[in-house]
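**Q**
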Amino acid sequence: MCTEFFTVLPMRRSSEKQIIINDSDSVQVGFIQRKYKNFWEKLINYLPLPFLETRNIDGETSKYNIEIREQSFRSNLFKLKWDTFLRDSNEENKFLLEDRTKISSNPRMVYHKNNKEYVFKKDVFSSTCEISLNNAVCATVSKDKKISPNVKLLTETNDLTNIELLGIYYIINLVY
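Following this line, the structure appears as structure tokens:
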């Protein structure tokens, strides 16, 4: 079972515009959006000081709501970490996303969900990101065009939702 989703990322990294997620039939299934806590946080993001920048994402589908929140400055001094809150109609779950990048041209993030570690490996040169569990690829995110970046998501598992995958991909895109 392989499902496809499509979206177009904004050109500006600081944009708060909703990023619409469509399925293979061009039907809107959800959205993700960058969020700022206040005006000052948004203003700081325009400064060329990347260690002061915060990256928070909200998203929604018919079944799920997601909030990806960067942890405090103190806990992010050495490695970046985000808390991921995934809500459905019955419950709210909290998961961890952490940066395991050693070289910035080979970014890797690890998403801890339900005692499993999903590894997001972004290939900067081919503009693809592979999501793997136990060295088996379970999803792929690829960028079709550089200008007005069209993104295609192919999922082969139901463990991760489309807003989780695209939200984490957007975080990787904002950081690297």
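Residues in the sequence shown are numbered from 39 upward in steps of one, following the numbering used here. Just so you know, even glycine gets a beta-carbon here, dropped at the ideal spot from N, CA and C.
Should residue 160 go down as buried or exposed, given a rule of 16 or more other Cβ atoms within 10 Å for buried?
**A** buried
**Q** Between residue 123 and residue 108, is the Cβ-Cβ spacing less than 8 angstroms?
**A** No, the Cβ-Cβ distance between residue 123 and residue 108 is not below 8 angstroms.
**Q** Among 118, 86, 87, which residue has its Cα nearest to the Cα of residue 94?
**A** 118
**Q** Since I believe residue 201 is in contact with residue 25 (beta carbons under 8 angstroms), could you give me their beta-carbon distance rounded to a whole number of angstroms?
**A** The structure shown does not extend to residue 25, since the chain spans only 39 to 214, so no value can be given for it.
**Q** Could you give the C-beta distance for residue 146 and residue 158, rounded to a whole number, given that I count them as a contact under 8 angstroms?
**A** 7 angstroms
**Q** Entirely within the segment 49-115 and at least 4 residues each: give me those alpha helix (DSSP H) ranges in chain order.
**A** Listed in chain order, the complete alpha helix (DSSP H) runs (minimum 4 residues) inside the segment 49-115 are 77-82.
**Q** When DSSP labels each residue in this structure, what does residue 185 get in the three-state scheme?
**A** coil
**Q** Could you give the distance in angstroms between the alpha-carbon of residue 64 and the alpha-carbon of residue 99?
**A** Near 15 angstroms, if we compare the C-alpha coordinates of residue 99 and residue 64.
**Q** Within 10 angstroms of its Cβ, does residue 167 collect 16 or more other Cβ (buried), or is it exposed?
**A** buried
**Q** Closest to residue 101 by CA distance: which of 72, 127, 87, 170 is it?
**A** Put simply, of 72, 127, 87, 170 the residue whose alpha carbon is nearest the alpha carbon of residue 101 is 127.
**Q** Who are the near neighbours of residue 185 in its chain, counting only those whose CB is closer than 7 angstroms to its CB and skipping five residues on each side?
**A** none
**Q** Whole-angstrom Cβ separation of residue 52 and residue 76, contact assumed at under 8 angstroms?
**A** About 14 angstroms; that fails the 8 angstroms criterion.
**Q** Could you tell me the alpha carbon to alpha carbon distance between residue 136 and residue 190, rounded to whole angstroms?
**A** 23 angstroms
**Q** Using the C-alpha atoms, what's the distance from residue 129 back to residue 139?
**A** 32 angstroms
**Q** Here's a check: name, in chain order, each residue in its chain whose Cβ is nearer than 6 angstroms to the Cβ of residue 56, leaving out the five neighbours to either side.
**A** 69, 71
**Q** How should residue 211 be labelled, buried or exposed, when 16 other C-beta atoms within 10 angstroms of its C-beta is the threshold for buried?
**A** buried
**Q** With C-beta atoms as the reference, is residue 41 less than 8 angstroms away from residue 58?
**A** Not a contact, by the Cβ cut-off of 8 angstroms.
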